[in-house]
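Remember, my numbering sits 510 above the position in the sequence shown when you count from 1. Just so you know, even glycine gets a beta-carbon here, dropped at the ideal spot from N, CA and C. Given the structure is predicted, the values throughout are model-derived calculations rather than measurements.
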Amino acid sequence: MSDTLFPDLDPESKDAAETPSPRGFIVRTDGAARGNPGPASLGAALYDLARPDARDDRGVPDASISDYLGIQTNNVAEYTGVVRALELARELGAREVHLLLDSKLIVEQLSGRWRVKDAKLIPLWSAARGTLSSFERWSATHVPRARNSVADALANEAIDRAQAGGPASVTRRPGG
(Lines of atoms letter the chains of each structure in order from A; the text may use other names.)
(Lines give C-alpha, C1' and ligand atoms only; values in the text may rest on other atoms or scores of the structure.)
Protein backbone atom coordinates (compact mmCIF):
# COMPACT_ATOMS: atom_id res chain seq x y z
CA MET A 511 0.00 0.00 0.00
CA SER A 512 1.27 3.46 -0.81
CA ASP A 513 2.28 5.61 2.14
CA THR A 514 0.70 8.74 0.65
CA LEU A 515 -2.73 9.91 1.67
CA PHE A 516 -3.87 9.90 -1.97
CA PRO A 517 -2.74 6.63 -3.54
CA ASP A 518 -3.70 5.82 -7.10
CA LEU A 519 -5.84 2.82 -6.34
CA ASP A 520 -7.56 0.41 -8.68
CA PRO A 521 -11.28 1.28 -8.39
CA GLU A 522 -11.98 -2.46 -7.97
CA SER A 523 -9.66 -2.63 -4.98
CA LYS A 524 -11.25 -3.04 -1.55
CA ASP A 525 -8.59 -0.60 -0.29
CA ALA A 526 -10.13 2.22 -2.35
CA ALA A 527 -12.98 2.57 0.14
CA GLU A 528 -10.52 2.53 3.06
CA THR A 529 -8.34 5.39 1.84
CA PRO A 530 -8.27 7.92 4.67
CA SER A 531 -9.39 11.48 4.07
CA PRO A 532 -6.81 14.13 4.81
CA ARG A 533 -7.02 15.62 8.28
CA GLY A 534 -6.82 19.04 6.73
CA PHE A 535 -5.08 21.49 4.48
CA ILE A 536 -2.96 24.58 4.46
CA VAL A 537 -4.82 26.73 1.92
CA ARG A 538 -3.21 29.58 0.01
CA THR A 539 -5.39 31.62 -2.35
CA ASP A 540 -5.01 34.70 -4.48
CA GLY A 541 -7.10 36.78 -6.82
CA ALA A 542 -5.95 38.77 -9.80
CA ALA A 543 -7.62 41.54 -11.77
CA ARG A 544 -5.91 43.31 -14.64
CA GLY A 545 -7.68 46.58 -14.13
CA ASN A 546 -10.09 46.99 -11.26
CA PRO A 547 -12.53 45.85 -12.46
CA GLY A 548 -10.93 43.95 -15.30
CA PRO A 549 -10.18 40.44 -16.52
CA ALA A 550 -10.02 38.54 -13.24
CA SER A 551 -9.08 35.12 -11.92
CA LEU A 552 -8.30 33.12 -8.84
CA GLY A 553 -5.64 30.68 -7.81
CA ALA A 554 -5.73 28.28 -4.89
CA ALA A 555 -3.11 25.84 -3.61
CA LEU A 556 -3.97 23.20 -1.01
CA TYR A 557 -1.27 21.36 0.95
CA ASP A 558 -2.07 18.30 3.07
CA LEU A 559 -1.33 19.03 6.74
CA ALA A 560 0.37 15.62 7.05
CA ARG A 561 3.21 16.82 4.82
CA PRO A 562 6.28 18.04 6.68
CA ASP A 563 6.57 20.86 4.12
CA ALA A 564 2.87 21.85 4.19
CA ARG A 565 3.75 25.45 5.12
CA ASP A 566 6.47 25.79 2.45
CA ASP A 567 5.21 28.66 0.32
CA ARG A 568 7.01 27.30 -2.77
CA GLY A 569 5.96 23.65 -2.42
CA VAL A 570 4.00 21.72 -5.01
CA PRO A 571 0.37 21.65 -3.88
CA ASP A 572 -1.62 18.44 -3.39
CA ALA A 573 -4.63 20.10 -5.03
CA SER A 574 -5.08 23.36 -6.90
CA ILE A 575 -7.59 25.57 -8.65
CA SER A 576 -6.91 28.04 -11.48
CA ASP A 577 -10.13 29.79 -12.61
CA TYR A 578 -10.82 32.65 -14.98
CA LEU A 579 -13.75 34.74 -13.71
CA GLY A 580 -14.39 37.25 -16.49
CA ILE A 581 -14.59 40.92 -15.58
CA GLN A 582 -14.53 41.34 -11.80
CA THR A 583 -12.90 43.44 -9.11
CA ASN A 584 -9.78 42.21 -7.34
CA ASN A 585 -11.64 41.78 -4.03
CA VAL A 586 -14.35 39.65 -5.69
CA ALA A 587 -11.60 37.51 -7.25
CA GLU A 588 -9.82 37.17 -3.88
CA TYR A 589 -13.00 36.13 -2.05
CA THR A 590 -14.10 33.77 -4.81
CA GLY A 591 -10.72 32.05 -4.49
CA VAL A 592 -11.27 31.50 -0.78
CA VAL A 593 -14.81 30.17 -1.32
CA ARG A 594 -13.77 27.72 -4.05
CA ALA A 595 -10.72 26.51 -2.13
CA LEU A 596 -12.80 25.86 0.98
CA GLU A 597 -15.36 23.95 -1.08
CA LEU A 598 -12.59 21.80 -2.57
CA ALA A 599 -11.08 21.12 0.88
CA ARG A 600 -14.49 20.05 2.16
CA GLU A 601 -15.06 17.89 -0.94
CA LEU A 602 -11.71 16.19 -0.25
CA GLY A 603 -12.82 15.32 3.28
CA ALA A 604 -10.79 17.80 5.31
CA ARG A 605 -11.74 18.37 8.92
CA GLU A 606 -9.59 21.49 9.33
CA VAL A 607 -8.18 24.26 7.17
CA HIS A 608 -5.60 26.94 7.78
CA LEU A 609 -5.86 29.84 5.35
CA LEU A 610 -2.65 31.73 4.57
CA LEU A 611 -3.77 34.77 2.57
CA ASP A 612 -2.11 37.91 1.30
CA SER A 613 -5.45 39.76 1.57
CA LYS A 614 -5.56 41.41 4.98
CA LEU A 615 -9.11 42.51 4.17
CA ILE A 616 -10.35 38.91 3.90
CA VAL A 617 -8.42 37.71 6.95
CA GLU A 618 -9.86 40.51 9.11
CA GLN A 619 -13.40 40.10 7.75
CA LEU A 620 -13.45 36.31 8.14
CA SER A 621 -12.20 36.65 11.71
CA GLY A 622 -14.97 39.17 12.48
CA ARG A 623 -12.62 42.03 13.31
CA TRP A 624 -13.70 44.10 10.28
CA ARG A 625 -17.19 44.56 8.88
CA VAL A 626 -18.03 43.65 5.28
CA LYS A 627 -19.31 46.87 3.72
CA ASP A 628 -19.12 46.14 -0.03
CA ALA A 629 -22.45 44.65 -1.19
CA LYS A 630 -20.62 42.51 -3.80
CA LEU A 631 -18.56 40.86 -1.06
CA ILE A 632 -21.33 40.07 1.45
CA PRO A 633 -22.57 36.89 -0.32
CA LEU A 634 -18.98 35.68 -0.80
CA TRP A 635 -18.14 36.38 2.86
CA SER A 636 -21.31 34.55 3.88
CA ALA A 637 -20.45 31.54 1.69
CA ALA A 638 -16.91 31.42 3.09
CA ARG A 639 -18.11 31.65 6.70
CA GLY A 640 -20.75 29.00 6.06
CA THR A 641 -18.21 26.57 4.66
CA LEU A 642 -15.73 27.37 7.43
CA SER A 643 -18.39 26.42 9.99
CA SER A 644 -18.41 22.88 8.56
CA PHE A 645 -14.79 22.32 9.63
CA GLU A 646 -13.81 21.23 13.14
CA ARG A 647 -11.04 23.84 13.19
CA TRP A 648 -9.96 26.72 10.98
CA SER A 649 -7.73 29.75 11.02
CA ALA A 650 -6.98 32.65 8.71
CA THR A 651 -3.58 34.34 8.77
CA HIS A 652 -2.24 37.22 6.73
CA VAL A 653 1.03 36.52 4.90
CA PRO A 654 3.15 38.83 2.74
CA ARG A 655 2.45 38.74 -1.00
CA ALA A 656 5.94 37.28 -1.58
CA ARG A 657 4.90 34.22 0.49
CA ASN A 658 1.92 33.52 -1.78
CA SER A 659 3.65 33.00 -5.13
CA VAL A 660 2.11 29.61 -6.02
CA ALA A 661 -1.50 30.85 -5.69
CA ASP A 662 -0.54 34.08 -7.49
CA ALA A 663 0.94 32.09 -10.39
CA LEU A 664 -2.21 29.92 -10.62
CA ALA A 665 -4.37 33.06 -10.80
CA ASN A 666 -2.27 34.67 -13.50
CA GLU A 667 -2.12 31.42 -15.49
CA ALA A 668 -5.93 31.40 -15.58
CA ILE A 669 -6.12 34.82 -17.23
CA ASP A 670 -3.38 33.98 -19.72
CA ARG A 671 -4.90 30.58 -20.50
CA ALA A 672 -8.42 31.96 -21.02
CA GLN A 673 -7.18 34.84 -23.19
CA ALA A 674 -5.33 32.27 -25.34
CA GLY A 675 -8.57 30.32 -25.86
CA GLY A 676 -7.93 27.62 -23.27
CA PRO A 677 -10.28 26.34 -20.58
CA ALA A 678 -11.57 28.86 -18.06
CA SER A 679 -11.10 26.46 -15.16
CA VAL A 680 -8.50 23.87 -14.23
CA THR A 681 -8.83 21.99 -10.94
CA ARG A 682 -6.27 19.40 -9.91
CA ARG A 683 -7.17 16.91 -7.18
CA PRO A 684 -4.90 14.53 -5.30
CA GLY A 685 -3.88 11.56 -7.42
CA GLY A 686 -5.05 13.37 -10.55
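Using C-beta distances below 8 Å, list every residue in its chain close to T583, excluding the 5 sequence neighbours before and after it, in chain order.
Closer than 8 Å at the Cβ level, and outside the excluded window around T583, lie A543, N546, P547, A550, K630.
Give the straight-line distance between the Cα atoms of R561 and G603, rounded to the nearest whole angstrom.
So the alpha carbons of these two residues sit roughly 16 Å apart.
Quick one: what's V593 bridged to in DSSP?
Its beta-bridge partners do not exist; DSSP assigns none.
Taking the C-alpha atoms as reference points, what is the distance between I581 and V592?
Roughly 18 Å separates the two Cα atoms.
Go through its chain and collect everything with a Cβ distance to P571's Cβ below 7 Å, but skip five positions before and after it.
The answer, listed in chain order, is A555, L556, Y557, V660.
Which of the three DSSP states is assigned to L626 in this structure?
Reading off the sequence shown, one finds Val at residue 626, where the question assumed Leu. In this structure, V626 counts as coil in the three-state DSSP scheme.
Report yes if the CB atom of A650 is closer than 8 Å to the CB atom of L609, and no otherwise.
The answer is yes: Cβ separation under 8 Å.
Can you look up R538 in the DSSP assignment and give me helix, strand or coil?
Three-state DSSP puts R538 in a strand.
Taking the alpha carbon of P594 as the reference point, which residue from Q619, Q673, V680 has its own alpha carbon closest?
Rather than Pro, the amino acid found at residue 594 in this sequence is Arg. Looking at the Cα atoms, V680 is the closest of the given residues.
DSSP state of P633, grouped into three classes?
Of the three classes helix, strand and coil, the one that applies to P633 here is helix, per DSSP.
Mind reading off the beta-carbon distance from D612 to N666? Whole number of angstroms is fine, and I expect it under 8 Å.
With 8 Å as the limit, D612 and N666 do not qualify as a contact, their Cβ atoms being about 14 Å apart.
Report yes if the C-beta distance between A691 and Y578 is below 8 Å; otherwise report no.
Nothing about residue 691 can be read from this structure; the chain reaches only from 511 to 686.
So who's on the other strand from A668, going by DSSP bridges?
The partner list for A668 (beta bridge, DSSP) is empty, contrary to what the question assumes.
Taking only the alpha-carbon atoms, compute the straight-line gap between R683 and V607 and give it to the nearest angstrom.
Approximately 16 Å between the Cα atoms of the pair.
Assuming D563 and D662 make a contact with CB atoms under 8 Å, what is their CB distance in whole Å?
No, D563 and D662 are not in contact; Cβ-Cβ is about 19 Å, not under 8 Å.
Where does D558 sit, in a helix, a strand or coil, going by DSSP?
In this structure, D558 counts as strand in the three-state DSSP scheme.
On the DSSP bridge list, what partners appear for T681?
T681 is bridged to I575.
What's the gap between the Cα of F688 and the Cα of R639?
Shown here, the chain extends from 511 to 686; a query on residue 688 therefore has no answer.
In the structure shown, what three-state DSSP assignment does S613 receive?
Coil at S613, not helix or strand.
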